[in-house]
Amino acid sequence: MSSRQKRKLDRTEELLIPSASRGAQRPHLLIDDQVADNLRTVHRTTTVYYPPPPSEIQLHEDHPKKLSEYGPAMDFSAVPTNAEIACFMAAYGLDEEEVSNEHEEGRQKTFATLEHDRTLREWSGQLQKFLDELLRLEGLRGANREVCPLCNPVSVAKPEYRCTDCFGGRLICHGCCLRAHQDHPLHRVQRWNGQFFEKITLQALGLVVQLGHRHGEACASPLLGPRASLVIHTNGFHPVTLLFCGCSNIGAAGDRTQQLLCRELYSASLTDLTTFCTFRVLEAFHGLTLQSKITAYDYYMTLQALTDISGLGQHYDRLKPFLRVIREWRFLKLLKRSGRGHVPDGVQNLKAGDLCLRCPACPRPRVNLPDNWDTVSDDLRYMYLLILAIDANFRLKRRAVSNDARDPGLISGAAYFAPDEEYRAHILQYADQEDISTCTGFAAMAHANTKFSKGYATTGIGLVLCARHGFIQPTGVGDLQKGKRYCTMDYIAISALKHFGPHGDPMYSYDIACQWAINLRRRIAEDKFPDHLKIDLPVGRDLRFVIPKYHFWGHTGDDHNKYSLNLVPGVGRTDGEEVERNWWRHDATAASTREMGPGSRHNTLEDHFHWSNFTKLVGLGKLLGKRLKTALLGFTVHDRLFNEFSAGVDSAYTTSWTEQILAYEKDDSLPDPYHVESSGLTEREIKVQLAAKEDQEVSQGRPSLHQVSPLNMLVELLEIEELKRRFHQKYPIVNKELMTLATDIFDRRAAIRRRTQTICKIQAIYMPPVAQLVAAQLPVVADALKRKENERRRRAHVSSHSSGNPASANEERAVNVPPEHVPLFLPSEVPTDHADGLLPQLRSMESALREGQMRNALDKLRVHLHIKTRLASFKARQVRHQKENMKAREQLETNDMKIRTFKEKYRGARAAKLRIDGPGQWEHEWRHLADNDVRGLRDFDPLLTAENDALPRRQVVTEGSRIKWHLGTFNSEAGGLGGMNEAIRGEWLRARARPLRYKEEIVIVTEEQRRTIVTLYVEASEWAQRASIRDPDCPVLREGLAAYAAEQAARLRGLAAHFKRLWQGLSNVQASTSADEGQENELESGTMLYAFAGEDSDDEGGAGGGAVSEYK
1 MSSRQKRKLD RTEELLIPSA SRGAQRPHLL IDDQVADNLR TVHRTTTVYY
51 PPPPSEIQLH EDHPKKLSEY GPAMDFSAVP TNAEIACFMA AYGLDEEEVS
101 NEHEEGRQKT FATLEHDRTL REWSGQLQKF LDELLRLEGL RGANREVCPL
151 CNPVSVAKPE YRCTDCFGGR LICHGCCLRA HQDHPLHRVQ RWNGQFFEKI
201 TLQALGLVVQ LGHRHGEACA SPLLGPRASL VIHTNGFHPV TLLFCGCSNI
251 GAAGDRTQQL LCRELYSASL TDLTTFCTFR VLEAFHGLTL QSKITAYDYY
301 MTLQALTDIS GLGQHYDRLK PFLRVIREWR FLKLLKRSGR GHVPDGVQNL
351 KAGDLCLRCP ACPRPRVNLP DNWDTVSDDL RYMYLLILAI DANFRLKRRA
401 VSNDARDPGL ISGAAYFAPD EEYRAHILQY ADQEDISTCT GFAAMAHANT
451 KFSKGYATTG IGLVLCARHG FIQPTGVGDL QKGKRYCTMD YIAISALKHF
501 GPHGDPMYSY DIACQWAINL RRRIAEDKFP DHLKIDLPVG RDLRFVIPKY
551 HFWGHTGDDH NKYSLNLVPG VGRTDGEEVE RNWWRHDATA ASTREMGPGS
601 RHNTLEDHFH WSNFTKLVGL GKLLGKRLKT ALLGFTVHDR LFNEFSAGVD
651 SAYTTSWTEQ ILAYEKDDSL PDPYHVESSG LTEREIKVQL AAKEDQEVSQ
701 GRPSLHQVSP LNMLVELLEI EELKRRFHQK YPIVNKELMT LATDIFDRRA
751 AIRRRTQTIC KIQAIYMPPV AQLVAAQLPV VADALKRKEN ERRRRAHVSS
801 HSSGNPASAN EERAVNVPPE HVPLFLPSEV PTDHADGLLP QLRSMESALR
851 EGQMRNALDK LRVHLHIKTR LASFKARQVR HQKENMKARE QLETNDMKIR
901 TFKEKYRGAR AAKLRIDGPG QWEHEWRHLA DNDVRGLRDF DPLLTAENDA
951 LPRRQVVTEG SRIKWHLGTF NSEAGGLGGM NEAIRGEWLR ARARPLRYKE
1001 EIVIVTEEQR RTIVTLYVEA SEWAQRASIR DPDCPVLREG LAAYAAEQAA
1051 RLRGLAAHFK RLWQGLSNVQ ASTSADEGQE NELESGTMLY AFAGEDSDDE
1101 GGAGGGAVSE YK
């Protein structure tokens, strides 16, 4: 359990013990409850504290004082930390409660009995009071039924009406109700019928809404609107009688649509003026759907329930008009936020990407980069590195319903999706393209043409965003037709890059970059590729490709280090997984967009993309501040660890290794210094080698004791050992209840017994002492099994009795020992006092076989840990239904069983080799495998967690806190460093990379902060200029244009000032900019079965829920 969890579960109470004398000081009983790691036991510590005498100020419960006014400072040297907190709380009167008898000192209680919400408990004790008040409100509330409180004393009508939306809900008369709601025609009114309040509309009471005139003005020639007019508001549906202006003021009032819009009513049609939505309901739904992803249908049904949940009243079927208005509203708001209303003919002359919200922290020439940015020295070029991340999502698909003619898009290419016609024409040229990955470790493309494509017009989307901040790029989104095809990803990758203009060194992050990058230049140069997207990509290492950190370890190629974000210089702490964190925002929209037409789906997704970028924008302040703090702490920690590591390595080696890595960073065609060559024979090769040696000895005249050679006997014993290991993994407990259900147990036991009986006869020839050892060991095994069974029954409250004399019992147990528990006694298990009776070469042969077992077990363990990570990721992202979930869980359980099997195989083989050869140099290569070492890519390291617990919150070093050994097969024949030259080199280079990546991160984040401030001020200046670009004839419109532009400019300047305040404490950080480049390594899982370095999952520039109200 982390210290943060313990702090949340700690419960500190204070008990004030009454004193015999009023003037005497009251001792404080400080009780500290600590929840144990098992989350079931609470340990209590009690401390009695006598506070110093107070000063002249008297203490009262209703008059809290400052802690300094209590007198001299306390000495907390003998008081626990939680007790200090209790004293502070007592001084401020924050938590003072009596401790009941059940909380006596030393008494333990379970986690379930802890008090979690005292306020809720107090409320539950007064349920009847709250319920009575709710019921009291259903009546008249004691109102006078004879006199209206508003028109008294001239009231002639009895008060019968009340409004549920007006504060107070007074009972008033008919006339006062109409007068009070002239400006509130969408309030809900109720009438007292003598027994209860029943719903009634303001229209039924005679309320009429006049349009085209100011409040209080009468129209000389009003025009009655349609009688079926219905207004959809946040509190339900409202039939309303509308009067349009038809007098001489119609020129200023405008046409009927303009009159409605002036009163913030949005008509669902330009001709059939019967359905209207208020701006408030549109804003409410828009905010809810962006944040919670609620569908328009669900929101509409909620409004219908608010109007008449019983279904006894009139039913209104206005869903289609409501959906149409929502779609139009989304587009209008997008145009408004993008400033198109401030540009003459801005709505008609939309260019690619004009409606997008760009990332202010990414490098953009002529916006936030200095004039001489392209002449910066090579050691600082990474400051202006542009990293774009690419990925595909197979959930955001669309069924084969509707078409472009029935459902056209309102925009095409002006926002985030690529232009429809151009993109579709490009895709059609590659109808038969099949992209199959040859990278055996990553099979995302292997089933590209079978990824749930039946019945779907679109099988998902491909997307490009900035890898460091998560902003979706203009025209960087495209529909997928059949999986991840190169034609789709090529198009959106280049389309997004073009919006940055001439840029020095772009970098692409893609989970299959090792395949995608191979022929990218050739594919772009083809005649089929669109001419307007053909650009001159940088040559050589000026255009680089990387693989996201989490996905990197799904690849198996030995030459993949050049794609590692941990090992590529100049990327800082970029993890490349921002594109994956982006998907969770949009996956919830799949349920609704799946059933939409092509145009509606594009408009809806682009609206959500824009909202995602907006939340990233307002969250940049915290994001960049957090990253800079993490980088400063990480550099300090890893630089110290690297220096400590280097102190133990000869400087001649480190100098040579540094030269190698610097050369490799300039030319990745050179041998990879990070790669450690694996040496040693596999298990099969060792068997072949030993068999050849035996054949040679026989051919030289060595007599054979049996037709089965010693090697074959050892191989058979090891295979039986493996059968027993797998039996125990599948059936850790075998009892009578299980035996009646699992016939597989009988088959497995029969196979083990048959093979054991056969090999025992041969074992008696080559290993004569074994028969005596087995006979002596069987009673011991039987006793152990009996005790285990008795313990199991005791726990299950089942009594167990034994009968018979000890001798007969031992004999019975010897006969009934299950075959999986019968000891085999391989040469390593034979005691030393019996070893002389064995064939001399058996122990050396087993030692060689055990080494092959260890190598094979580790290889299999790595594979199945990779599989575990991929299965877990697939289940979380793709599996949704119960049947598929069950299958996925079964696959995970089966894979976990294999992981446990290979873990035990390695441990058993190592223990056997240790018994044969004893401690030695071989232990440097084959180290102890602890449970903490066997982890998947995203499993937490308990040791690393324990180190982080000592750090303040949000100052956790997320990776590489300790230098660890690679649990692999190193070249023991290499010279120097005790035969571990290559292993130490790889580890040293990775240790060197960590502080260098953190140093780069400090420089990059500092530059990103500068670019963000500059961009915000530049865009604020653009908004200020927009106020006067368009000069309409209407003065009211001109005033609105100026007001909105001024508001947007002020907001951007306010964000810049807010960010400056957040970064103020870190603004004086001057990072070193030396050219000592290096690479960063991964969060090394335990014994380095894996290495994965990803930033904290909460490291994303998202904003809180308060951002909705600012989204105008």
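Under UniProt numbering, the first residue of the sequence shown is numbered 1, with each subsequent residue one higher.
Ideal Cβ placement from N, Cα and C applies to all residues, glycine included.
(1) Between V774 and F825, which are expected to be in contact by the criterion C-beta below 8 Å, what is the C-beta distance as a whole number of angstroms?
(2) So E526 is in the beta strand (DSSP E); what residue range does that whole segment cover?
(3) Assign D558 to one of two classes, buried (16 or more other C-beta atoms within 10 Å of its C-beta) or exposed (fewer than that).
(4) Would you kindly report the start and end of the unbroken beta strand (DSSP E) that includes Q348?
(5) Does DSSP put L358 in a helix, in a strand, or in coil?
(6) Can you tell me where the beta strand (DSSP E) holding T375 begins and where it ends?
(7) Can you tell which of A405, R1051 and C356 has the C-alpha that lies nearest to the C-alpha of P598?
(8) Beta-carbon within less than 6 Å of L260's beta-carbon, same chain only, minus the 5 sequence neighbours each way: which residues are those?
(9) If V1005 sits next to V367, beta carbons under 8 Å apart, how far is it from one beta carbon to the other, in whole angstroms?
(10) Which ranges does the alpha helix (DSSP H) cover as unbroken runs of at least 4 residues, wholly within the segment 109 to 174, from first to last along the chain?
(11) Are there three or more Cβ pairs, one per stretch, closer than 8 Å when the segment 422 to 431 is compared with the segment 612 to 623?
(12) Measure the C-alpha to C-alpha separation of T488 and G501 and round it to an integer number of angstroms.
(13) Identify whether S229 lies in helix, strand or coil by the three-state DSSP scheme.
(14) Verify whether the separation of the beta carbon atoms of L211 and R263 is less than 8 Å.
(15) So, E578 versus A876, is the Cβ gap smaller than 8 Å?
(16) If P823 sits next to Q777, beta carbons under 8 Å apart, how far is it from one beta carbon to the other, in whole angstroms?
(17) Quick check on the burial criterion: 16 or more other C-beta atoms within 10 angstroms. Buried or exposed for K666?
(18) Determine the closest residue to N144 out of G339, G908 and K158, with distance taken between C-alpha atoms.
(19) Helix, strand or coil, according to DSSP, for S1021 in the structure here?
(20) Can you tell me whether M897 is buried or exposed? The criterion is at least 16 other CB atoms within 10 Å of its CB, across all chains shown.
(21) Excluding the 5 residues preceding and the 5 following V1014 in the sequence, name in chain order all residues of the same chain whose CB lies nearer than 7 Å to its CB.
(22) Are there three or more Cβ pairs, one per stretch, closer than 8 Å when the segment 1041 to 1058 is compared with the segment 1019 to 1032?
(23) With DSSP run on the structure shown, which of helix, strand or coil describes L844?
(24) Could you tell me which of F322, P408 and E820 sits nearest to V781, measuring between CA atoms?
(25) What's the C-alpha gap between R601 and R594?
(26) Would you grab the beta carbon distance between G236 and L306 for me? Rounded to a whole angstrom, and I think it's under 8 Å.
(27) Ends of the alpha helix (DSSP H) at D404?
(28) Report the option in F244, N393, P530 and D272 whose CA atom is closest to the CA atom of H213.
(29) Could you tell me which of I762, K730 and A764 sits nearest to R748, measuring between CA atoms?
(30) Classify I759 as buried or exposed, calling it buried when 16 or more other Cβ atoms lie within 10 Å of its own Cβ.
(31) Do you know offhand how far G837's Cα is from I916's?
(32) T832: buried (16+ other C-beta within 10 angstroms of its C-beta) or exposed?
(33) Could you pull the DSSP bridge partners for A392 from this structure?
(34) Starting from W516, follow the alpha helix (DSSP H) in both directions and report where the run begins and ends.
(35) Tell me where the beta strand (DSSP E) around M383 begins and ends.
(36) Does the segment 921 to 929 come close enough to the segment 881 to 900 to have 3 or more Cβ pairs within less than 8 Å?
If we stick to the structure as given:
(1) Here residue 774 refers to the residue found at position 774 of the sequence shown. Here residue 825 refers to the residue found at position 825 of the sequence shown. V774 to F825, Cβ: 6 Å. Contact.
(2) Position 526 of the sequence shown, counting from 1, holds the residue named residue 526. No beta strand (DSSP E) contains E526, which DSSP labels as neither H nor E.
(3) Indexing the sequence shown from 1 puts residue 558 at position 558. Flag for D558 reads exposed.
(4) Working through the sequence shown from its first residue, we reach residue 348 at position 348. Careful: Q348 lies outside any beta strand (DSSP E) and carries neither H nor E.
(5) Here the question's residue 358 lines up with position 358 in the sequence shown. The question names Leu, but residue 358 is Arg in the sequence shown. In this structure, R358 counts as coil in the three-state DSSP scheme.
(6) Residue 375 sits at position 375 when you count from the first residue of the sequence shown. Unbroken run through T375: none, as it is neither H nor E.
(7) By 1-based counting over the sequence shown, the position of residue 598 is 598. The shortest Cα separation from P598 among A405, R1051 and C356 belongs to A405.
(8) Your numbering for residue 260 matches position 260 in the sequence shown. Hits under 6 Å: S267.
(9) Here residue 1005 is taken as the residue at index 1005 of the sequence shown, counted from 1. Here residue 367 is taken as the residue at index 367 of the sequence shown, counted from 1. V1005 to V367, Cβ: 19 Å. No contact.
(10) 118 to 124 and 127 to 136
(11) no
(12) Mapped onto the sequence shown, residue 488 falls at position 488. Mapped onto the sequence shown, residue 501 falls at position 501. So the two alpha carbons sit approximately 21 Å from each other.
(13) Working through the sequence shown from its first residue, we reach residue 229 at position 229. Of the three classes helix, strand and coil, the one that applies to S229 here is coil, per DSSP.
(14) The residue labelled residue 211 in the question sits at position 211 within the sequence shown. The residue labelled residue 263 in the question sits at position 263 within the sequence shown. Yes. Within cutoff.
(15) Along the sequence shown, read from residue 1 onward, the residue named residue 578 stands at position 578. Along the sequence shown, read from residue 1 onward, the residue named residue 876 stands at position 876. Against a cut-off of 8 Å, the Cβ pair of A876 and E578 comes out as no contact.
(16) Here residue 823 refers to the residue found at position 823 of the sequence shown. Here residue 777 refers to the residue found at position 777 of the sequence shown. So it is a contact: roughly 5 Å between Cβ atoms.
(17) Along the sequence shown, read from residue 1 onward, the residue named residue 666 stands at position 666. Exposed is the call here.
(18) Position 144 of the sequence shown, counting from 1, holds the residue named residue 144. The option with the nearest alpha carbon to N144 is K158.
(19) As a working mapping, residue 1021 is identified with position 1021 in the sequence shown. DSSP places S1021 in helix when its eight states are reduced to three.
(20) The count along the sequence shown starts at 1 and reaches residue 897 at position 897. With fewer than 16 other Cβ atoms within 10 Å, it is exposed.
(21) As a working mapping, residue 1014 is identified with position 1014 in the sequence shown. Excluding residues within five positions, the ones whose Cβ falls inside 7 Å are N368.
(22) yes
(23) Counting from 1 along the sequence shown, the entry for residue 844 is found at position 844. The residue you asked about is not Leu; residue 844 is Ser in the sequence shown. Helix, per DSSP.
(24) Your numbering for residue 781 matches position 781 in the sequence shown. Per the Cα distances, E820.
(25) Taking the first residue of the sequence shown as 1, we reach residue 601 at position 601. Taking the first residue of the sequence shown as 1, we reach residue 594 at position 594. Whole-angstrom Cα-Cα distance: 8 Å.
(26) The residue given as residue 236 occupies position 236 in the sequence shown. The residue given as residue 306 occupies position 306 in the sequence shown. That pair is a contact at about 4 Å.
(27) For the purposes of this step, residue 404 is identified with residue 404 of the sequence shown, where counting begins at 1. It is not in any alpha helix (DSSP H) - D404 carries neither H nor E in the DSSP assignment.
(28) Mapped onto the sequence shown, residue 213 falls at position 213. Of the candidates F244, N393, P530 and D272, the one whose C-alpha sits nearest the C-alpha of H213 is F244.
(29) Sequence index remark: in the sequence shown, residue 748 carries index 748 (1-based). When only C-alpha atoms are compared, the closest one is K730.
(30) Your numbering for residue 759 matches position 759 in the sequence shown. So I759 ends up on the buried side.
(31) Here the question's residue 837 lines up with position 837 in the sequence shown. Here the question's residue 916 lines up with position 916 in the sequence shown. C-alpha separation (whole angstroms): 15 Å.
(32) Within the sequence shown, residue 832 is the residue found at index 832, counting from 1. With fewer than 16 other Cβ atoms within 10 Å, it is exposed.
(33) For this step, residue 392 is matched to residue 392 along the sequence shown. A392 pairs with G462.
(34) In the sequence shown, counting from the first residue as 1, residue 516 sits at position 516. From DSSP, the alpha helix (DSSP H) with W516 extends over A513 to W516.
(35) Locating residue 383 in the sequence shown gives position 383, counting from the first residue. M383 -> no beta strand (DSSP E), and no H or E assigned at all.
(36) no
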